[in-house]
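Be aware that the sequence shown starts at 33, since it is given in the numbering used here, and climbs by one per residue.
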Amino acid sequence: MEIPITQSEVWQKLENDLNEQSFFEKADGYQYLAILKSTPLGNYLYLPYGPVAKDRESFKKSLRAIKSLAAKTKAIFIRIEPKDITFAKFLPKNSQKSKDLSPKDTWVLDLTPAQSALVAGFSQGTRTRYNTFAKKGLVVEKTTDPDRITHLVKLQQALAKLRGIHAYDPAYLKTELSQPFATLYLVKYHKASDISRSESKGAGNYPKDGQILAASLFFDYAGTRYYMQSAADTEFKKLPATVALLTTAIFDAKEQGIKHFDFWGIAPDDAPADHPWKGFTEFKKSFGGEPRHYAGTYDIIMNPIRYKLYQAIRAFNRFLRHR
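This is how it looks when you write it as structure tokens:
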């Protein structure tokens with residue numbers, strides 16, 4: 033029974049540190065972490081990539097336990113995301129498909145082969161960038177110091193402004209890096225080690241010496257490294273900062289005995305060419321690996337009247353945002 037980090041006790045500590053109320057239960061054959069979310073109409077329970085169960089009967093037992101918790105907390109509905117795609121067949125009749133929150137499709141690299149074999153599995157472009165990033169003055173650092181989250185915050189805020197999207201709250205990111213399972217990787221430019229620049233006599237636009245060009249948070253749990261919060265400076269796309277960051281994180285994880293590297297969300301196999309995730313999906317796939325497909329997000333409705341009102345309010349809010 034594979035336990036995702038979002039259904040673990042270590043994730044519950046993160047939720048507690050974020051002042052979220054959560055409930056963890058581990059029993060024979062299943063476990064779950066349910067987070068109590070509030071709305072103007074009442075509460076609901078959210079189980080990111082959960083519940084986890086070893087088989088069909090255990091899954092049904094977990095649902096009974098969660099429904100009991102929902103009754104105690106007066107939840108309007110229960111939002112679940114079982115990773116096992118077959119469990120969707122056994123949902124109760126008062127369930128309906130919801131918009132996916134956690135990625136339904138992801139990309140996973142097996143880290144057990146030799147490093148040379150992993151490099152051979154890269155696309156030609158990614159392999160070239162991996163072999164040359166040090167010559168271009170890129171140095172990768174890693175830290176668990178929460179105060180250094182400012183580097184990721186700055187890059188994410190710049191991207192958010194450029195693309196017209198919301199950036200993560202700095203306090204949220206700092207709390208994530210404060211967890212024992214989190215590590216921040218930073219890609220820094222060092223002029224003195226840029227062999228390619230010295231050979232080209234300094235032509236072109238280059239970063240300042242010591243400038244941070246990319247940053248990513250990685251979470252380690254139960255033999256898997258997860259590629260989570262990330263951002264890069266778009267001004268210096270010619271420098272392979274993200275390849276430097278990811279390859280270093282991949283091979284560090286391998287050295288630590290971690291078996292899998294989860295790139296997190298990708299676009300579905302049948303996604304159209306204009307899918308917003310198309311570009312970074314191709315980038316993630318360039319490191320080798322294989323897809324993983326999950327059941328997606330479902331709501332188990334406990335209070336039909338309030339649930340309909342909740343859905344109507346959400347639809348109205350989406351309409352206002354996209355007018």
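The beta-carbon is built from N, C-alpha and C at its ideal position, and this holds for glycine as well.
Over what stretch of residues does the beta strand (DSSP E) that includes I67 continue unbroken? The residue given as residue 67 occupies position 35 in the sequence shown. Unbroken beta strand (DSSP E) run through I67: 62-71.
Nearest residue (CA-CA) to T105, options R88, I67, S94, L123: As a position in the sequence shown, residue 105 is number 73, starting the count at 1. Closest option to T105, Cα to Cα, is I67.
Range of the contiguous beta strand (DSSP E) that encloses K223: Taking the first residue of the sequence shown as 1, we reach residue 223 at position 191. K223 -> beta strand (DSSP E) spans 214-226.
Where does T138 fall in DSSP's three states? Position 106 of the sequence shown, counting from 1, holds the residue named residue 138. Three-state result, T138: strand.
Helix, strand or coil for H198, going by three-state DSSP, please let me know. As a working note, residue 198 is residue 166 in the sequence shown. Here H198 sits in coil by DSSP.
Restricting to Cα atoms, I'd like to know which of G153, Q63, I98, W309 is closest to Y76. As a first step, residue 76 is located in the sequence shown; it is residue number 44 there, counting from the start. Nearest option by C-alpha distance: I98.
According to the neighbour-count rule (16 or more other Cβ atoms, all chains shown, within 10 Å of its Cβ), is G311 buried or exposed? The sequence position of residue 311 within the sequence shown is 279, counting from 1. Burial call: exposed.
Determine the closest residue to G297 out of E322, D306, G289, A285, with distance taken between C-alpha atoms. For this step, residue 297 is matched to residue 265 along the sequence shown. The shortest C-alpha separation from G297 is found at E322.
Whose C-beta lies closer than 8 Å to the C-beta of D226 among residues of the same chain, with five residues either side of it excluded? Your numbering for residue 226 matches position 194 in the sequence shown. The residues are K167, K168, G169, Y238.
Buried versus exposed call for R375 [16 or more other C-beta atoms within 10 Å across all chains shown]: There is simply no residue 375 to check, as the chain begins at 33 and stops at 355 in what is shown.
Buried or exposed: which applies to G183, given that a residue is buried once 16 or more other Cβ atoms fall within 10 Å of its Cβ? Locating residue 183 in the sequence shown gives position 151, where the first residue counts as 1. Sequence inspection shows His at residue 183; the Gly mentioned does not correspond to that position. The residue in question, H183, is buried, as its Cβ has 16 or more Cβ neighbours within 10 Å.
DSSP-derived helix/strand/coil call for N163: Counting from 1 along the sequence shown, the entry for residue 163 is found at position 131. If DSSP states are grouped into helix, strand and coil, N163 belongs with the helices.
For my contact list, Q188 and A263 are in at a C-beta cut-off of 8 Å; report their separation, rounded to the angstrom. Counting from one through the sequence shown, the residue named residue 188 turns up at place 156. Counting from one through the sequence shown, the residue named residue 263 turns up at place 231. The Cβ separation is near 4 Å, so the contact holds.
Quick check on the DSSP output: what are the complete alpha helix (DSSP H) runs of length 4 or more inside the segment 237-304, in order along the chain? 273-287
What residues in its chain sit with their C-beta under 7 Å from that of K131, if we drop five residues either side in the sequence? Position 99 of the sequence shown, counted from the start, is the residue given in the question as residue 131. Excluding residues within five positions, the ones whose Cβ falls inside 7 Å are T329.
Could you check what DSSP says for A59 in three-state terms: helix, strand or coil? The residue labelled residue 59 in the question sits at position 27 within the sequence shown. The answer is strand: DSSP assigns A59 an E or B state.
F293 and V140 closer than 8 Å at C-beta: Numbered from 1 along the sequence shown, position 261 holds the residue referred to as residue 293. Numbered from 1 along the sequence shown, position 108 holds the residue referred to as residue 140. Cβ atoms of F293 and V140: closer than 8 Å.
Pick from S248, S210, P212: whose alpha carbon is nearest that of K220? As a position in the sequence shown, residue 220 is number 188, starting the count at 1. It is S248.
Report, in whole angstroms, the separation of the C-beta atoms of I117 and A327, which I expect to be a contact under 8 Å. To locate residue 117, count along the sequence shown from 1; it is residue 85. To locate residue 327, count along the sequence shown from 1; it is residue 295. Rounded, the Cβ-Cβ distance is 5 Å, consistent with contact.
Tell me which residues share the same chain as K58 and place their Cβ nearer than 7 Å to its Cβ, disregarding the 5 neighbours each side in the sequence. Mapped onto the sequence shown, residue 58 falls at position 26. None.
Any chance the segment 147-159 sits against the segment 208-217, with 3 or more Cβ pairs inside 8 Å? no
Tell me which same chain residues have a C-beta within less than 7 Å of the C-beta of Q44, skipping the five on either side of it? Against the sequence shown, residue 44 aligns to sequence position 12. Only S54, F56, L65 meet the Cβ criterion.
6 Å Cβ shell around A276 - same chain, five flanking residues per side excluded: By 1-based counting over the sequence shown, the position of residue 276 is 244. Correct list, in chain order: F165, L170, V172, V219.
Figure out for me which residue from K269, Q343, H198, R324 has the closest Cα to the Cα of D137. Stepping through the sequence shown from its first residue, residue 137 is reached at position 105. The candidate whose alpha carbon is nearest that of D137 is R324.
In DSSP terms, what V171 is bridged to: Taking the sequence shown and counting its residues from 1, the one referred to as residue 171 is at position 139. According to DSSP, which records beta bridges pairwise, V171 is partnered with K220.
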